[in-house]
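Colleague: In my numbering, the protein residues as written are 280 to 555.
Think of the CB as a built atom: it goes at the ideal place given N, C-alpha and C, for glycine as much as any other residue.
Structure below.
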């Protein structure tokens with residue numbers, strides 16, 4: 280993919296020293312103007328404007344947007360529609376964080392977005408060696424499926440899921456799991472990939488173990504609520520790829536979580552069973 284080779288060759292990571300002075304995790308759970316941002320681009324840097332970490336992050340955001348746009352042009356929405364939908368939502372989230380001045384949060388999400396896009400690119404490259412990605416024949420059915428994907432993704436990727444040093448699901452999140460399971464029952468072609476996470480307290484091995492336990496516990500409850508176990512994969516990242524950086528109680532609470540990808544069958548001309 281020549282377009283992406285050019286993009287990848289110039290992707291750079293900002294030094295952590297640029298970000299130490301930046302604040303994160305907005306007070307009272309409010310993102311301020313970050314929550315109101317609905318645009319898809321940013322104003323250019325003026326010649327007399329001093330450069331700061333936000334400019335490097337905005338450049339990184341543009342690079343991930345170029346990468347995503349290139350995958351879309353190659354047909355990714357038809358082979359991997361759920362992955363593209365979730366990547367677009369994550370891209371918008373990063374834009375809101377940048378507009379609201381949440382530099383550390385944006386930097387974390389950019390790292391996650393890069394990994395997800397690289398994984399999507401590898402899967403798309405493999406599929407395109409054997410097939411083409413074509414729009415679905417039944418557009419209404421496809422749009423209904425994507426509506427369910429979006430609802431389930433938003434239901435399951437929320438804050439405040441687990442208590443400290445625990446794999447037990449918080450009661451409110453339990454309700455989200457039940458609602459998501461009910462939404463998914465009529466759509467057996469949709470699967471879930473559940474990844475467990477831990478906060479930065481505790482050792483690496485322990486964090487890996489408790490994160491895995493959280494993912495497995497979420498799978499257990501989803502199966503209790505009626506989903507077949509073979510529709511749910513579980514993974515663990517321990518304390519790696521935190522949603523937010525820091526050690527305040529609010530940040531630690533948010534990083535004790537599972538992240539869930541909603542996976543829908545693709546629409547390649549060679550294999551209607553290709554999955555994300």
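So what's residue 475 in DSSP terms, helix, strand or just coil?
Modeller: Strand at residue 475.
Colleague: Taking buried to mean at least 16 other C-beta atoms within 10 Å of its own C-beta, is residue 376 buried or exposed?
Modeller: Counting Cβ neighbours within 10 Å, residue 376 comes out buried, since at least 16 surround it.
Colleague: Can at least three beta-carbon pairs, one atom from the stretch 403-422 and one from the stretch 358-370, be found at a separation below 8 Å?
Modeller: With the cut-off at 8 Å, the stretch 403-422 and the stretch 358-370 touch.
Colleague: Closest by CA to residue 522, which one among 389, 336, 338?
Modeller: Looking at the Cα atoms, 389 is the closest of the given residues.
Colleague: Let me know if residue 518 comes out buried or exposed under the rule of 16 or more other beta-carbons within 10 Å of its beta-carbon.
Modeller: Result: buried.
Colleague: So does the stretch 417-434 actually touch the stretch 507-515, counting three or more Cβ pairs closer than 8 Å?
Modeller: Because the criterion of three Cβ pairs below 8 Å is not met, the stretch 417-434 and the stretch 507-515 do not touch.
Colleague: Where DSSP assigns a beta bridge to residue 538, which residues make up the other side?
Modeller: The partner list for residue 538 (beta bridge, DSSP) reads 474.
Colleague: Measure the alpha-carbon distance for residue 296 versus residue 420 and round it to whole angstroms.
Modeller: Confidence at residue 296 is low in this model, with a pLDDT of 33, below 50, so its placement is unreliable and the value that follows should be read with caution. The straight-line gap from Cα to Cα measures roughly 49 Å.
Colleague: Please identify the residue among 539, 380, 334 whose C-alpha is closest to the C-alpha of residue 452.
Modeller: Comparing Cα positions, the closest option is 539.
Colleague: For residue 478 and residue 486, what's the separation of their Cα atoms in angstroms?
Modeller: Going from the Cα of residue 478 to the Cα of residue 486 covers about 8 Å.
Colleague: For residue 396, which residues from the same chain have a beta carbon less than 8 Å from its beta carbon, with the 5 sequence-adjacent residues on both sides left out?
Modeller: Here the set comprises 343, 346, 347, 350, 366.
Colleague: Kindly indicate the opening and closing residues of the beta strand (DSSP E) around residue 511.
Modeller: It spans 511-515 - the beta strand (DSSP E) in which residue 511 sits, taken as one unbroken run.
Colleague: Might you give, ordered along the chain, the residues of its own chain that have their beta carbon closer than 6 Å to the beta carbon of residue 528, omitting 5 neighbours on each side?
Modeller: Cβ neighbours of residue 528 beyond the five flanking positions: none.
Colleague: Residue 543 and residue 504: beta carbons closer than 9 Å?
Modeller: Result no, Cβ atoms of residue 543 and residue 504 do not sit closer than 9 Å.
Colleague: Helix, strand or coil: which one does DSSP assign to residue 437?
Modeller: Coil.
Colleague: For the putative contact between residue 438 and residue 533, defined by C-beta atoms under 8 Å, what is the C-beta separation to the nearest angstrom?
Modeller: Going by Cβ atoms, the distance from residue 438 to residue 533 rounds to 5 Å, so yes, they are a contact pair.
Colleague: According to DSSP, simplified to helix, strand and coil, what is residue 469?
Modeller: Correct three-state label for residue 469: strand.
Colleague: With DSSP run on the structure shown, which of helix, strand or coil describes residue 543?
Modeller: Reduced to three states, the DSSP call for residue 543 is strand.
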